[in-house]
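Position in the sequence shown (first residue = 1) + 30 = my numbering.
Just so it is clear, CB atoms sit at the ideal spot from N, CA and C, and this is done for glycine as well.
Report on the structure given below.
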Amino acid sequence: MDKKGSNLVIVSMFFVFLLLFVTIKYNEGFTITGLATANLGGSGLDIQDIVFVKLNFVRNDVPVISSESFFFKDDTIACFVDYSSQSNNDFDVGFFTEGKDDKNPDVLFKNILTSNLENIRCDPSTTACMVSYDVQSSKIGNWNCFVKANDQSVVSNSLRMKNRAPILINDIQDIYLNVDGSYIGSPINLNDYFNDLDSSNLQYSAFGHKGIEIAVGNDGVVLFSNPLGLEGNQTIKFRAFDGEVGGFSNEVIIYVGGSGPGEGFDSICHVIWDCKWTECKDGLQNCIYFDKNNCSVPKTKPQDLVRSCVVNAQGVVAQSGLVQGSLPEALKLNPGGEKLSAVTGLNRILLIVGLILAVLIVISMVVLIVYKVYNKDKEPLISNFGNESKVSIFSKLNFFSKSKTGGVVDNKTISTEDTTQKIKPEDSKQLVSNTTELNDYIYNAISAGETDDKIKSDLLKAGWKQIDITNSLDYVKLKRFVDSKIKQGAQKDNLLNLLRSKGWKSSLIDSVFNDLHIN
């Protein structure tokens, strides 16, 4: 099928799903939560709608609704409530994680309408409230918010907390070992080099080593052994794994036995043990192992093999089981010296079925990728809000920023209008001519609701390097986080300790603090 035909199939599938969505959407009583109006226990309090979102913060502490359906530890989430009340009854708002519910929430804020908490903002004139929450713990999975009054609740849509890969906070230096595998110098503890932003316990492993054996203890200390007594050097990498995703270290050179540059393990003799069966004599055949590379390392030689045999009238040798030694799987040899095939009978059928399934999976993934690329530009900026009732909640909210004493400082409006201002890819390089302007461009793009993938794609198309884009994204995200925390009253020293414990580099932290004029 050519490209045009593939696109026609994808468009047809999209049209079918669109018709299904429209049919469901216009069924009677359908809204975001599935409830047109929820009356909580006949109290006179009606919840018109409840929506759960992730918030981003821009200058002057103005919150902007994120289009993402996921968030991470240390992000800010919010529950928007649109209500009506004839009796001025108050209500509670809470958040719960996967495995819990509204009866056993992770956090609960009581008496929303009369609360003086900084994270609660209500506008009585429009009967709308926002309750925000800074996520400080890592609880991977689906989260929900809910409204509760008179022991009855209305639950929102879900957002998913995602896990982040462990990061390398310091480069690992080269390692020097004695021939027996013991350290020349201090041992390496990988806990000093890796950090997990989600506070997970890390498991470590090594890749690329040859001839030497590497193990990592529960305390993170790396242990080496050299059973073959080889000398030379080689390059490896370490990997940290948090149970879901992993991250790699820099390349580390291991020098064994006082070796220096240019004395790699590739020049060291590698032992390959092999054997061939002798003629059948006195009812026995011997297979005496020899080193094909003549490395002269006899201490690793396997036990020689002996098996019973019978020579028939035609001179053909018939073998039976081994009477001495153990034949490794990789060295199963017939009398001619060829490896026996393991792909026969049922194994061959299973292999064919597995290959067919693999091909089908690859085809499905390609179709899904093409479908997503085709529809990427058609996705709404606020993906969680697909109808007018979702937008109306935010357009009617006019919240008040509060001072630390609870007084009104100035009016702040949460609006979805600014998030629709797109920055054209062809304008991006024109807007950014150096690192400072690149940072400003990314800052404004994130504030406008652009996703990381969209920003990266636009800048790559405009000719920017991946490393420059990645560095600027990290800088801007850290700057926005620090800016929001300082405006919430965080102390500089406490914030510095938090960032360093999370693995952020000192140079990046200092740059952000200087840019924000934090002394």
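{"Check": "Could you tell me whether the Cβ atoms of VAL286 and LEU390 are closer together than 8 Å?", "Outcome": "no"}
{"Check": "Do SER99 and ARG190 have their CB atoms nearer than 8 Å?", "Outcome": "yes"}
{"Check": "Assuming PHE87 and ARG510 form a contact by the criterion Cβ under 8 Å, report the distance between their Cβ atoms to the nearest whole angstrom.", "Outcome": "7 Å"}
{"Check": "Which of the three DSSP states, helix, strand or coil, is assigned to LEU546?", "Outcome": "coil"}
{"Check": "Taking the alpha helix (DSSP H) that ARG194 belongs to, which residues open and close that run?", "Outcome": "That residue, ARG194, is in no alpha helix (DSSP H); it is neither H nor E in DSSP."}
{"Check": "If we ignore side chains and look at the alpha-carbon of each, how far apart do GLU148 and ASN119 end up?", "Outcome": "21 Å"}
{"Check": "Kindly identify the DSSP beta-bridge partner or partners of PHE224.", "Outcome": "LEU198"}
{"Check": "Where do the ends of the beta strand (DSSP E) carrying LEU207 lie?", "Outcome": "205 to 207"}
{"Check": "Just list the residues that DSSP pairs SER255 with in beta bridges.", "Outcome": "GLU243"}
{"Check": "Label LEU220 either buried or exposed according to how many other C-beta atoms from any shown protein chain fall within 10 Å of its C-beta, with 16 as the threshold for buried.", "Outcome": "buried"}
{"Check": "Do VAL177 and LYS103 have their CB atoms nearer than 8 Å?", "Outcome": "no"}
{"Check": "My output table needs one value for SER531: the three-state DSSP class, helix, strand or coil.", "Outcome": "helix"}
{"Check": "What's the C-alpha gap between HIS239 and PRO332?", "Outcome": "23 Å"}
{"Check": "Do you know how far the Cα of VAL506 is from the Cα of ASN469?", "Outcome": "6 Å"}
{"Check": "State yes or no: is the C-beta of PRO196 within less than 8 Å of the C-beta of VAL251?", "Outcome": "no"}
{"Check": "Do THR465 and the ligand GDP come close, with the Cβ less than 7 Å from some heavy atom?", "Outcome": "Only the bare structure without any ligand can be found here, which leaves the ligand GDP out of the picture."}
{"Check": "At 4 residues or longer, what runs of the alpha helix (DSSP H) sit wholly inside the region 486 to 518?", "Outcome": "496 to 517"}
{"Check": "Can you give the beta carbon distance from THR157 to ASP112, rounded, assuming they're within the 8 Å contact cut?", "Outcome": "7 Å"}
{"Check": "Which value, in whole angstroms, describes the spacing of the CA atoms of VAL209 and LYS267?", "Outcome": "20 Å"}
{"Check": "CA-CA distance, THR61 and ASN248?", "Outcome": "Residue placement at THR61 is flagged as unreliable, the pLDDT there being 37, under the threshold of 50; the coordinate-derived value follows with that caveat. Distance between the alpha carbons of THR61 and ASN248 is about 51 Å."}
{"Check": "Give the straight-line distance between the Cα atoms of GLU467 and ILE548, rounded to the nearest whole angstrom.", "Outcome": "21 Å"}
{"Check": "By the 10 Å Cβ neighbour count, where 16 or more other Cβ atoms means buried, how is SER537 classified, buried or exposed?", "Outcome": "exposed"}
{"Check": "Nearest by alpha-carbon distance to SER145: which of MET160, ASP131, ILE205 and ASP136 is it?", "Outcome": "MET160"}
{"Check": "Could you tell me if THR450 is buried or exposed, where buried requires 16 or more neighbouring beta carbons within 10 angstroms of its beta carbon?", "Outcome": "Confidence in THR450 is poor, its pLDDT being 38 and thus under 50, which makes the residue's placement unreliable; the coordinate value appears in the next sentence. THR450 is exposed by the Cβ-count criterion."}
{"Check": "Can you tell me which of ASN134, PHE271 and TRP173 puts its alpha carbon nearest to the alpha carbon of ILE107?", "Outcome": "TRP173"}
{"Check": "Less than 8 Å separating the beta-carbons of GLY533 and ASN225?", "Outcome": "yes"}
{"Check": "Which word fits ILE550, buried or exposed, when buried means at least 16 other C-beta atoms lie within 10 angstroms of its C-beta?", "Outcome": "Past the edges of the chain, shown from 31 to 549, lies residue 550, and the structure says nothing about it."}
{"Check": "Beta strand (DSSP E) containing THR550: first to last residue?", "Outcome": "Because the chain here runs from 31 to 549, residue 550 falls outside it and cannot be looked at."}
{"Check": "Among the candidates ASN263, PHE543, PHE278 and ARG269, whose CA atom is the shortest distance from the CA of ILE284?", "Outcome": "ASN263"}
{"Check": "Which of the three DSSP states, helix, strand or coil, is assigned to VAL165?", "Outcome": "coil"}
{"Check": "Based on the DSSP output, what are the partners of CYS310 in its beta bridges?", "Outcome": "DSSP lists no partner for CYS310."}
{"Check": "What is the C-beta distance between LYS169 and THR127, in whole angstroms, given that I count them as a contact (C-beta under 8 Å)?", "Outcome": "4 Å"}
{"Check": "Assuming GLU281 and THR265 form a contact by the criterion Cβ under 8 Å, report the distance between their Cβ atoms to the nearest whole angstrom.", "Outcome": "5 Å"}
{"Check": "DSSP on THR127, reduced to helix/strand/coil?", "Outcome": "strand"}
{"Check": "Residues bridged to LEU138 by DSSP?", "Outcome": "GLY124"}
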